[in-house]
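Residue numbers (this note's numbering), protein chains in the order written: chain A, 719 to 885; chain B, 186 to 1150; chain C, 29 to 469; chain D, 10 to 169. Virtual Cβ for every residue (Gly too), placed ideally from N, Cα, C. Working notes for the structure below.
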Amino acid sequence: MQPERGVLGVFAEVAAAAGAVRTLRKGGHAEIRFAAPAPYPELVEALGRPRSRLDSVTLSGAALGVAGGFALCIGTALAWPLMTGGKPIVSIPPFVIIAFELSVLVGACVNLAALAFSAGRGRRRRAVPYDPRFSADRIGVFVVGGDLGAAERTLRAGGAEEVRHVA
Amino acid sequence: MSDEPRDALSRRTFLKVAGAAGLLASCSPPAGPQKLLPYLVPPEEIIPGVPLLYRTVCRECPAGCGVTARTREGRVVKLEGNPDDPIGRGALCARGQAALQGLYAPDRFKGPMRRGADGALASVSWDDATAALAAALGPAIAKPSAAGVRMLTRPEPGATGALQREFMAKLGATPRQRVVLDPFDLAPLRAAGAIVFDRPELPVFDLSRARTVVSFGADFVETWLSPVELARDFAGGRGRIGEERTRLVWIGPRLCLTGVSADEWLSVRSGGELWVALALLRWLCDPANYVPGLAAEAGSLSRLLTGLDLGAAAIESGVAPTAIAKLAGELARRRPSAVLGPGVLSTGRHATELAVAIQLINWVLGNVGSTVLYGLDPVADPPSPVPAVDALLDDMSAGRVEVLLVHHADPAGALPLALKAAEAIGRVPLVVSFSDRPDATTQLARLILPDTHPLESFDAISARRGVVALSQPVMTPVADNRSACQVLIDVAAKLPAPAGPLPYDDAYAHFQQRSATLFPGVSGDQLAEAQRVAQQRGGVFGEVKVERVSLRTPDPTLLVPPVARQRDAAALDLVVFPTALRNDPSGEGVPWLREVPDVLSSVSWSPWAELAPATAARLGISDGDLVALTTQAGAVELSVCTYPGLHEGAVAVPMGGREPLVLLAAAADSRSGALAWQSGRATLTRTGRRAELPRFQGTPNQQGRTIVRTVSAAAPAVPKPAEPGKMVPLPTFPEHRWAMAIDMDRCTGCQACVVACYAENNVPVMGPEAMIRGRNMGWLRIEPFMEEKNGTTRVDLLPMMCQQCGNAPCEPVCPVYATYTNEEGLNAQVYNRCVGTRYCSNNCPYKVRVFNWAEPSFPEPLNMQLNPDVTVRSKGVMEKCTFCVQRIRAAENTARDERRPVRDGEVVPACAQTCPARAIVFGDADDPRSAVSALQRDGRGYNVLGELNTLPAITYLARVRDEDR
Amino acid sequence: MSAVLAPAQRVQATVLATQGRPRGGHLLLIALAGIAAALGAWAEIVQIQQGLKVSGLNRPVGWAVYITDFVFWVGIAHSGTLISAVLFLLRARFRTAIYRVAEAMTVFGVMTAGLFPVVHLGRPWFAYWLFPYPNQRHLWVNFRSPLMWDVFAVSTYFIVSAIFLVVGIVPDAAALRDASAGWRRRFYGVFAAGWRGTDEEWRHYARAYLYFAAFATPLVFSVHSVVSWDFAVSILPGWHSTIFPPYFVAGAIFSGIAMVVTLLVPLRKVLHLEELITPWHLDMTSRMILLTSLIVTYSYAIEAVMALRAGPGPELSIAAYRATGPFAPLYWTMVACNCVFPLFLIASKVRRSPAALLGICILVNVGMWLERFIIIVTSLSHDRIPYDWWGIYRPTMVEAGITLGSFGWFFFWFLIFVKLLPAVSISEMKEEVLHEVGHAA
Amino acid sequence: MQRPALTAAAVLGALLLSCAEPPPPAQPVPFSHRIHAGTNGIGCRMCHAYVEHSTVAGIPSMARCFGCHKFVARDKPDVQRVVQTFQEGKVLAWNRVYRVPDHVFFTHERHIAAGLRCQTCHGEVQQMDVVRQASPLTMGWCVDCHRQRHAPTDCLICHK
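What follows is the structure, given as structure tokens:
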């Protein structure tokens, strides 16, 4: 995958990186990305991206689990009705437990799938040039498009240890 | 590997993988026999898969109950009573049920054996064996009256006995040279008949007419005389209320099962029964008590008894005079009554005196001719008087016996060792045994000619006058055994002169000739037909009139109780007792009789020593302590079980093993010569060790919980619990609701049902180790509950099995639906679906589910007994009582074939079928007219733990206690 | 005021140092655990061949050590998710340094617990019948059975906690991947799943992690409630009790956190994590032990009071049997371990002393194992009909072997885990130290 | 990447192979149902005599074979072998084709009484020279038929 043209600034300090990001945004740079070893809230806040929309997917997974749980219990109980302990064939209270467990299970699995999908897609669509330091102790701020020269200046001014253009 | 192309799977790998997968697929259970063998010529009567019934007779005890043997594909799988037989009337006791395991005993001799010079037994052919015997008899019969030949046999009241006598006569022997041995012979009763009525025979007791039954140590529901018949007749008077109900009083040092059924227990010191009997007789005859309607001889008897010291009677027996007077008063009032005894528990040195006193009581009360019947004993091959046995032992010891023929008698193993029978037999040069299973005597035998089992032979047994039960082979012999009759005929044919062959082609010809005498005046085809019909019916059952007897005034010395012996205060009376499961040592090789726990102690397999709790506390002994019991005769070590139903001055040891025989002295009843079972005193010393008993019971104390209920005769109804609130509607059963009612007023705890259940349902025997670990596999058990109240011990019995609950707690917890309620109200258990979580057992409040802890084993040929209609369960599977669902299905099948509904009483589970007391009734509770529905509505009916809303299908009818009289 | 990322480097270096070939004592421990696990496997093979007669089980005691082990390990598994999920939602800061260990413990705990339902079966080769799957026999499973609930609860718990653990490891694995070479780089690469730490990844990650925590939180409470229903739903006196779910959950957290501490104290020494896992962390954890100990004590008291209130009958009888019967020594040992010794944690000196803490926590583990044993065995041997009080259950060598094997199995995986994957969350610690620096500045 | 796939295929293939219908067992004498039941139209019950009365259908006794073959087809060597075996007082050990596990209590009687043809389960035997298992005899197969015909599906009908 070919990273887009842009300018990459490497920061050693979170606050500096966050400051640079804020400045860049004020400067009208639309496409600002970063790569960091931890989700530093200051930085995330500075970037101002909207909240992830995994909710609806995960929730529908959980709902699917509930429905599947009840369907499984009721369906199998009716498939060969056997009376146990004088209880009704369709005994809802115990089935609630299965439905609950399945809602958690399916919800969590769907959540995982959604995370893998969204994070993978995000990683590809908003790629940041690879640098092993970004998983250790450095933050990379990557600006794509717009006035790259201005961006470079802003990054340097913001305290970047190193700034380079990516072709 | 690196040379191979990466994308190709090598052939070797493929084969490896394929092999592993094949192995995986072959992990399913191994398939059974894959061959189908046709009949050469199909037997007309056999339809494979359909049971074929034969009538025969039980030979486990002298009572002679009729048997219906159920066979499948030519092998017998179950014994049931013969309903046409007037003695058993379709019921069998535990021993009778277990006769099958005698037939299929793995240790049975497989053919004739001869002991070689090295002392080991080696197989020989029948020809060689009979020739060897004939050769050995040759020199013996050359002597006058074949002096060196003796025959020792069990009582053979039929064709076998007759042939034995003929054989001995052929040898030139006198009748005295044939000795009939029965260690449990009721010789004192026989002697009393001779003394009092001039009838040297055993009476028959008809308890169905008795309103009060008094038993002096006669354990008639377990072993005494004819237990099935007596228990049935007795139970006929139970389950009723008020005056209608038969009352039972037990007099003895230990509560045996008969005592447990009793309404009152007079706890006497062992040996004190005679004092009680005489005091009772004296009270009844005493003119001062104005007992109406006594026999004319009462006056003279009263005069004979004036010398009886009532104070001494109270001291010697431990029974208060008021108790005796109360009992006498009841006997005076409630007539007819029956006074029974003596039994093993009351057979001491003065047993004949006791028997005389008992028969005198019966006489003065007018019971003789009403409930006590003379003239019905066929006196067919009665046991020899004990002096004859002693003479035989003397002759053997003195070397006067050259050949001893032993026929199903085990003098070396069944008599007290103090009689030194084994030593005596050891001096006989040739001991020939006809036993089909090893016992102490066969160990001394040089030649073993194994007889066929009664289920493999013909005979005509006369257990009562007018009743001749015909036995017939119900299957081909399991091994190469030959009937003793046939062997005698074969041997006789080879005997040199002066003896000669017996005039029969074979044993069957002899039997036919003999059974022909049952039909006087009939011959030819008519005779053959009559014989066939009799065989199908199981015998010739006629009515014989009871004979009137008259009293001979007895020798006054008989009515004088023995002078009190000096007693060693430190010693305890040694009480030996037989039970329904344990009586003679032949039961040792019958797994069912040892695996099923004793009802009262719940011990299986091992013997034990019983002590009253107070005695144990005094001696500082607790349950499970190993103690040494010492008598003059010997010493044994036994583990202690405390039992509140034992006199405080006694220590009790069950029969059925070596232990009591080691302890017993060579004592005899002074008049009849019978073995005096109760004559010893034993000292008890602690060994300081403990030995865990295979005991299957927590505590007999029901902790104030109303698990087993009793009602008083005055108010015979159980308080009905309030209807519990129902969260879900009650289950309904469209087809049937199979249900059971168990009348605990009838149940005697004889365990016949338990053994029948083992036989019917392929319940495995696990052995003593498993029992110690609490792994009894019985589907049905009798739970005893005991309490001590007002100075007396009450024992209540609760037959416990799957309650087939409507709201079964075991069902919803099973994750795989291996158990559920079916449309007929059965709590189904599907073995092949069970994965073995054991949750169902945990959640069963009755704890009636049993788990297969190990793969059950049915050592050959015991596997031939397995019921083909019931799955043999494998390890890891839960199982339980099914209400004999295979029988339900069979009855439903027949009903459908005949296009009719199942009739009430058509389905009879194995337990109900064999119950001598008819305490178990089975049927459809959906049908309001069924017998079981009627019993469910009985005032005494209740459900065990009914408060749990389990809706059991078993209704227990509370035991009636009629104590305050 | 600027936050320097230098402490992050220290965190990473500390954790990186824990990775590598196990040596010396660690290797020996792995070997020992492996041997113990093999011993357990051998005992299980013996049991499958000969049937459950090799156990001490009987009628009426149909369950004993195996189910005790099951409940014990499920209980152990509890605190992991509690710490990682519940404390995450509650924003408890002391969680950060210890949650990875706890989570790993959870996963291996459930893995261990999951063996026992199979081990205790009479026919374990049919264990797959416990899962609902279409089959030619047209047979399904009984969802009314608490054992079925167990199947679903434990499987769900295992899957969800495994996901939780693996998802938490992703950024750390990426960090380690970038810091190492050779096969380890590839190995971490698998767990990193291509992680680059971009803003987009973090954005979804943070959200998803919150949901995982939200899913795991009710699971913490539900799983042990379901396990408690194995007993509470029955009608056996001593089991049939409405207090069981909260009682079991509290007990599970109690035993689980005790186990976390049991693992942490030696671990921080062996892996030189003292700087990351400080006495403060131990202190905070101990407080939770103290709290749950008090809840457990309260439950015991309530049980006794309820039995007394019920009056003479099965309930009182079973309570008396526990306290005075043949199992009384075990019962009072349990009370001492669970109710008395934890009270020492009131002293902060004890809470901050790793050695004392370790001692108490081991005692709590023993006590909690005994608690389950007593609940299961005494109730079964003391049912409603006194005839069935057949008596004493005694464990056999096979049961002891399988129990030992379960510890071996658990530690085998755990000890390998700490050498293969980070036992402390690197990314969260990096964030955490930043805060600390911030606070310090 | 291909090796695991191939391995899986091998496992699957082997499993399928091991589950596949085994060839019909060879019999001691090549008895042909086609000739007996088909060509000659002998009814099933003639030889399987117990089918209406018992759980088992029964296999014909040697005497039953001899009953006809005393006269019929004496020239055939296989028939001669059967007759010779009978006259020696021996029996032929047939190989079982249909088998249900020991925990299944199947009864022929009720199925015949319900009006089922033998061929419903045993296939068109009268057309088979060599009898092979015509139906799977699995529980699901039994249950399907019971459900279709509203026969009982209580577990205790077949398992007890």
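Chain C has a Cβ within less than 7 Å of the Cβ of A:P755. Partner residues in the beta bridge of B:T815, as assigned by DSSP, are B:A820, B:T868. In this structure, B:S618 is the residue among B:D575, B:I610, B:S618 with its C-alpha nearest to the C-alpha of B:L590. Rounded to whole angstroms, the gap between the alpha carbons of B:G724 and B:N267 is 10 Å. In terms of CA proximity to C:A64, C:W441 leads the group C:T325, C:W441, C:A221, C:F401.
A:A826 places its beta carbon less than 7 Å from that of C:F243. Following the DSSP letters along the chain, one finds B:I646 inside the beta strand (DSSP E) bounded by residues 644-649.
Residue contact with chain C for A:G804: absent (no Cβ-Cβ distance below 7 Å to any residue of chain C).
Counting along the chain, the unbroken alpha helix (DSSP H) around B:K355 starts and ends at 344-356.
Chain order gives the chain D residues near B:L1011 as L165, where near means a beta carbon separation below 7 Å. Distances from the alpha-carbon of B:G1124 to those of B:E230, B:R979, B:A902 put B:A902 closest. Relative to the Cα of B:R585, the nearest Cα in the group B:Q362, B:H832, B:G709 belongs to B:Q362. Identification of chain C residues near A:A748 by a Cβ-Cβ cut-off of 9 Å yields none; the smallest Cβ-Cβ distance measures about 14 Å.
Identification of chain B residues near A:L800 by a Cβ-Cβ cut-off of 7 Å yields Y1002, Y1005, ordered along the chain. Within the stretch 62-84 of chain D, the residues whose Cβ lies closer than 7 Å to some Cβ of chain B are H62, S63, T64, V65, G67, I68, P69, S70, M71, A72, listed in chain order. Within chain B, the residues whose beta carbon sits less than 8 Å from that of D:A122 are R1081, D1082, listed in sequence order. Fewer than three pairs of CB atoms, one per stretch, sit closer than 8 Å, so the stretch 411-421 of chain B makes no contact with the stretch 529-543 of chain B.
As the crow flies, the alpha-carbon of B:D1089 is around 19 Å from that of B:A276.
Burial is judged here by how many other beta carbons sit within 10 angstroms of a residue's own beta carbon; D:N104 has fewer than 16 and is exposed. Shown here for C:F282: same chain residues with a beta carbon closer than 7 Å to its own, the five before and five after excluded, namely I317, T320, S321, V324, V392, M396 in chain order. The CB of B:R958 comes closer than 8 Å to the CB of K81, G84, N86 in chain C, given here in chain order. Counting of Cβ neighbours within 10 angstroms places C:W211 among the exposed residues, the total staying below 16.
In the three-state DSSP reduction, B:C1019 falls in the coil class, being neither helix nor strand. The beta carbon of B:V504 sits closer than 6 Å to the beta carbons of L451, V453, V461 from its chain, once the five residues preceding and following it are set aside; these are given in chain order. Using a Cβ distance threshold of 7 Å, A:A736 and A:E760 count as a contacting pair. The three-state reading of DSSP puts C:D200 in helix, counting H, G and I together. Taking the C-beta atoms as reference points, C:V82 is found nearer than 7 Å to C:V74. Close CB contacts of B:E265 within its chain, under the 6 Å cut and outside five residues either way in sequence, are with T253, Q1098 (chain order). Taking C-alpha positions only, B:D579 is separated from B:A609 by approximately 7 Å.
Per DSSP, B:P839 is one residue of the beta strand (DSSP E) stretching across 835-839. The C-beta distance from D:V92 to D:H78 rounds to 6 Å, short enough to fall under 8 Å.
Among the CB atoms of chain C, none fall inside 7 Å of the CB of D:G50. Here the alpha carbon of B:C1096 sits roughly 13 Å from the alpha carbon of B:G281. Using a Cβ-Cβ cut-off of 7 Å, B:A993 is close to G803 of chain A, given in chain order. Excluding sequence positions up to five before and after C:A66, its CB lies within less than 8 Å of the CB of G433, G436, all in the same chain and listed in chain order.
In the structure shown, B:P969 adopts extended strand secondary structure according to DSSP, grouped into three states.
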